[in-house]
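Only one structure is covered here, and it is reproduced in the block below.
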Ligand code: NDP
């Protein structure tokens, strides 16, 4: 059983030395348990938070423990009445070939599902995040301007496309020209800007002549600095993620931006609301699926995966995710032991 464990807590960006690659015996399920074989492992930005012991909404991974993560698995052996050998499931198996589960939180998939890894993306956690954050907190209306960064990623690509379905003008922000071209030409965004441009704020002002009504926040940092002066009265800001600061070791350079943030929220009477997807919206999964499945089947929503082969490549892929090297939802096809 190959496993990737946490070797040390990173200071700044994680490095390969923060992980260990170990081999252990395949575990044996006890009564009421199932043995799961990982087929796909999801790599997601929140895992950076789990590597840190700073206080958060979830417990950190302990040093020496297997890195946590969502996974698509086959049931190898079952001593649980609800599952049988061969079942295909969405589970939380972590960065390893085999894991044990008592079945809690494990969801069965149709065994013949054509793209099981979609259960980690467009039909899973990131899809629910995009849909609920946008629809429940963002409250988009036809004709409004919606801005979203990490625009070709798992969450952002779906936010922008759902925004288009709602009739919004959608402006994406992404980390390369190639990603921006994809957002406009394939995903149907109205515009997309590269956040590495020196004059991002000027470009954004030009792309949003009627201001910004909904800003779906995935990144923070200088993207938010460019967005804030452009928000309209009664703007809504679903605060989903702040990936630009996950590896930060100190406050950003420059003046204290807090007074500008508070001033803008007050004068514009804007709403900014954070959320943690399963805590706040786990109970609304069915509602999300009923909307998303037809969009996906009809081609209204397009979905791109960045598939990495081999568990041994998970560490490098994860480090790259925090630097914008993924192009689409990052998943690892775990491969043979
Ligand atoms: P993505 O597939 O979008 O991958 C991460 C992307 O973030 C990178 O590809 C890169 O895109 C962008 N990025 C990385 N560093 C920076 C930076 N310094 N400045 C700007 N952009 C950067 O990941 P997800 O779709 O899975 O996640 C998107 C966000 O949603 C994350 O912040 C994540 O933490 C959050 N999230 C929150 C949840 C919740 O419950 N609140 C649940 C799920 C996700 P590019 O090259 O385009 O810059």
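Residue numbers (UniProt numbering): 8 to 344. Beta carbons: idealized from backbone N, C-alpha and C, even for Gly.
Expressed to the nearest angstrom, what Euclidean distance is found between the alpha-carbon atoms of residue i and residue j?
{"i": "residue 68", "j": "residue 171", "result": "38 Å"}
{"i": "residue 339", "j": "residue 225", "result": "22 Å"}
{"i": "residue 128", "j": "residue 164", "result": "11 Å"}
{"i": "residue 337", "j": "residue 280", "result": "26 Å"}
{"i": "residue 42", "j": "residue 28", "result": "21 Å"}
{"i": "residue 17", "j": "residue 217", "result": "42 Å"}
{"i": "residue 188", "j": "residue 86", "result": "50 Å"}
{"i": "residue 228", "j": "residue 80", "result": "36 Å"}
{"i": "residue 274", "j": "residue 94", "result": "55 Å"}
{"i": "residue 311", "j": "residue 131", "result": "14 Å"}
{"i": "residue 22", "j": "residue 53", "result": "16 Å"}
{"i": "residue 134", "j": "residue 161", "result": "8 Å"}
{"i": "residue 304", "j": "residue 15", "result": "43 Å"}
{"i": "residue 322", "j": "residue 240", "result": "43 Å"}
{"i": "residue 32", "j": "residue 342", "result": "17 Å"}
{"i": "residue 174", "j": "residue 232", "result": "26 Å"}
{"i": "residue 329", "j": "residue 30", "result": "27 Å"}
{"i": "residue 353", "j": "residue 300", "result": "Because the chain is modelled from 8 through 344, residue 353 falls outside the range shown and cannot be assessed."}
{"i": "residue 84", "j": "residue 327", "result": "35 Å"}
{"i": "residue 40", "j": "residue 181", "result": "43 Å"}
{"i": "residue 319", "j": "residue 26", "result": "11 Å"}
{"i": "residue 270", "j": "residue 139", "result": "27 Å"}
{"i": "residue 213", "j": "residue 82", "result": "53 Å"}
{"i": "residue 64", "j": "residue 57", "result": "10 Å"}
{"i": "residue 202", "j": "residue 331", "result": "11 Å"}
{"i": "residue 234", "j": "residue 265", "result": "14 Å"}
{"i": "residue 19", "j": "residue 260", "result": "16 Å"}
{"i": "residue 168", "j": "residue 308", "result": "6 Å"}
{"i": "residue 119", "j": "residue 268", "result": "49 Å"}
{"i": "residue 35", "j": "residue 75", "result": "20 Å"}
{"i": "residue 141", "j": "residue 38", "result": "42 Å"}
{"i": "residue 96", "j": "residue 208", "result": "44 Å"}
{"i": "residue 220", "j": "residue 12", "result": "43 Å"}
Between which two residues does the alpha helix (DSSP H) holding residue i run?
{"i": "residue 208", "result": "207-214"}
{"i": "residue 192", "result": "184-192"}
{"i": "residue 320", "result": "It is not in any alpha helix (DSSP H) - residue 320 carries neither H nor E in the DSSP assignment."}
{"i": "residue 116", "result": "Taken as a continuous stretch (DSSP letters only), residue 116 belongs to no alpha helix (DSSP H), being part of the beta strand (DSSP E) at 114-116."}
{"i": "residue 143", "result": "That residue, residue 143, is in no alpha helix (DSSP H); it is neither H nor E in DSSP."}
{"i": "residue 230", "result": "228-234"}
{"i": "residue 161", "result": "161-172"}
The beta strand (DSSP E) with residue i in it runs from where to where?
{"i": "residue 179", "result": "176-181"}
{"i": "residue 336", "result": "336-340"}
Going by DSSP, which residues form a beta bridge with residue i?
{"i": "residue 155", "result": "179, 223"}
{"i": "residue 201", "result": "181"}
{"i": "residue 275", "result": "Answer is none; residue 275 lacks a bridge partner."}
{"i": "residue 28", "result": "11"}
{"i": "residue 108", "result": "41"}
{"i": "residue 281", "result": "246"}
For this session: Could you tell me which uninterrupted alpha helix (DSSP H) segments, each at least 4 residues in length, are contained entirely in the region 40-97, listed from first to last along the chain?
Result: 53-57
Exercise. Can you find at least 3 beta carbon pairs, one from the region 111-127 and one from the region 136-148, that sit closer than 8 Å?
Worked result: Between the region 111-127 and the region 136-148, the count of C-beta pairs closer than 8 Å stays below three; the two stretches do not touch.
For this session: Starting from the N-terminal side, write out each stretch of the beta strand (DSSP E) that is 3 residues or longer and does not extend beyond the region 288-332.
Result: 312-316
Problem set entry | Stretch-stretch touch, CB-based, cutoff 8 Å, three pairs: the region 280-295 with the region 193-212 | no
Exercise. Which parts of the region 238-275 are runs of the beta strand (DSSP E), unbroken and 3 residues or longer, counting only runs that do not cross its ends?
Worked result: 238-246
For this session: Could you tell me whether the region 90-110 touches the region 292-303, using the rule of 3 or more Cβ pairs below 8 Å?
Result: Using a Cβ-Cβ distance cut-off of 8 Å, the region 90-110 and the region 292-303 are not in contact, since fewer than three pairs of beta carbons, one from each stretch, lie closer than that value.
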